[in-house]
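S.K.: If you use this note's numbering, the sequence shown corresponds to residues -2 to 175, in order.
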Amino acid sequence: MLVKRLAVSLLAVFAMAGANVVAHAEPAAAAAPRILYYDASQAQEFVAVVHQGAQIWNSKVANVRLEPVPAGRTPNIRVSADNGWPRAYPASLGNGRWVMGREAVNDGYYPPRIAAHEFGHLLGLPDRRTGLCTDLMSGSSAPISCTNPNPNATESATVDRNFRRSVTIPAREYVWVG
Ligand SMILES: [Zn+2]
């Protein structure tokens, strides 16, 4: 009797475990990353660092990929450079432009961190001026000495969620020092 009852409970456990596996596996199998093409050809001396910023995101998120735009194709994201502050102009999730600004580079801010941060705006992240170097979107509120170019786990998870749900983000301007 006891053995039979044990067997029945074990069956129930396995059935629940099976249901969980199916429930968790389904979204992963269905998801292909959204490809965003970026054009770094106008980024002047910062072309390499723009590619680096894109690679950082590619290593941290699964639902979106940043790739250099192939010839003849319209980019989702255009990157340029000038003497002002770095800034981003997302028009919608994954579309818009950003500027690598020499004002921040000359002040000593770490260029790969700036590049990853500005891409972060195009991926739907706002500024969060926490002052923490561990936060990518803290931007210029972290010390100038901060050389962390990586999004933290929450920032990466937010970007993955943004692209899984194709959230709507407002068009606006974000400036490095604001
Ligand atoms: Zn910003």
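Note that CB positions come from ideal geometry on N, CA and C, so glycine has one too.
If we count the other Cβ atoms within 10 Å of its Cβ and call it buried at 16 or more, is N73 buried or exposed?
M.R.: The residue you call residue 73 lines up with position 76 of the sequence shown. Buried, since its Cβ has 16 or more Cβ neighbours within 10 Å.
S.K.: Determine, using beta carbons only, whether A85 and E170 come nearer to each other than 9 angstroms.
M.R.: One-based indexing of the sequence shown puts residue 85 at position 88. One-based indexing of the sequence shown puts residue 170 at position 173. In contact: A85 and E170 (Cβ atoms closer than 9 angstroms).
S.K.: So what's E152 in DSSP terms, helix, strand or just coil?
M.R.: Here residue 152 is taken as the residue at index 155 of the sequence shown, counted from 1. If DSSP states are grouped into helix, strand and coil, E152 belongs with the helices.
S.K.: Could you tell me which uninterrupted alpha helix (DSSP H) segments, each at least 4 residues in length, are contained entirely in the region 63 to 116, listed from first to last along the chain?
M.R.: Here the runs fully enclosed are 99 to 104.
S.K.: Between Q52 and V66, what straight-line distance do the alpha-carbon atoms span, to the nearest angstrom?
M.R.: For this step, residue 52 is matched to residue 55 along the sequence shown. For this step, residue 66 is matched to residue 69 along the sequence shown. In a straight line, the C-alpha of Q52 is about 14 angstroms away from that of V66.
S.K.: Exposed or buried, which one is T144 when buried takes at least 16 other CB atoms within 10 Å?
M.R.: The residue you call residue 144 lines up with position 147 of the sequence shown. That one is exposed.
S.K.: Run the proximity test for G121: is its beta-carbon closer than 8 angstroms to any non-hydrogen atom belonging to ligand 3?
M.R.: This structure lacks ligand 3; the ligands present are ligand 1.
S.K.: Per DSSP, which one or two residues make a beta bridge with V126?
M.R.: Against the sequence shown, residue 126 aligns to sequence position 129. In the sequence as presented, Val is not what sits at residue 126; that position holds Arg. DSSP output for R126 lists no bridge partner at all.
S.K.: With distances taken from CA atoms, which of W82, E100, L120 and S137 is nearest A59?
M.R.: Your numbering for residue 59 matches position 62 in the sequence shown. Checked all of W82, E100, L120 and S137; the closest Cα to A59 is L120.
S.K.: Give the DSSP-derived three-state secondary structure of L120 in the structure shown.
M.R.: Locating residue 120 in the sequence shown gives position 123, counting from the first residue. Note: L120 maps to coil in three-state DSSP.
S.K.: From this set, S38, I32 and F160, which residue's C-alpha is nearest L90's C-alpha?
M.R.: On the sequence shown, residue 90 is found 93 positions in, with the first residue counted as 1. Checking every option, the nearest Cα to that of L90 belongs to F160.
S.K.: Could you tell me whether the Cβ atoms of K57 and P123 are closer together than 9 angstroms?
M.R.: Here residue 57 refers to the residue found at position 60 of the sequence shown. Here residue 123 refers to the residue found at position 126 of the sequence shown. The answer is no: Cβ separation not under 9 angstroms.
S.K.: Taking only the alpha-carbon atoms, compute the straight-line gap between P83 and R99 and give it to the nearest angstrom.
M.R.: Along the sequence shown, one-based indexing puts residue 83 at 86. Along the sequence shown, one-based indexing puts residue 99 at 102. So the two alpha carbons sit approximately 7 angstroms from each other.
S.K.: If P87 and I141 are in contact, beta carbons under 8 angstroms, what's the gap, nearest whole angstrom?
M.R.: For the purposes of this step, residue 87 is taken as the residue at position 90 of the sequence shown. For the purposes of this step, residue 141 is taken as the residue at position 144 of the sequence shown. Incorrect: roughly 25 angstroms between the Cβ atoms, too far for contact.
S.K.: Is any heavy atom in ligand 1 found nearer than 8 angstroms to the beta carbon of E100?
M.R.: Here residue 100 is taken as the residue at index 103 of the sequence shown, counted from 1. E100: no, Cβ never under 8 angstroms from ligand 1.
S.K.: Return the chain-ordered list of same chain residues with a C-beta closer than 6 angstroms to the C-beta of A68, the five sequence neighbours on each side being excluded.
M.R.: The count along the sequence shown starts at 1 and reaches residue 68 at position 71. Around A68: no qualifying Cβ.
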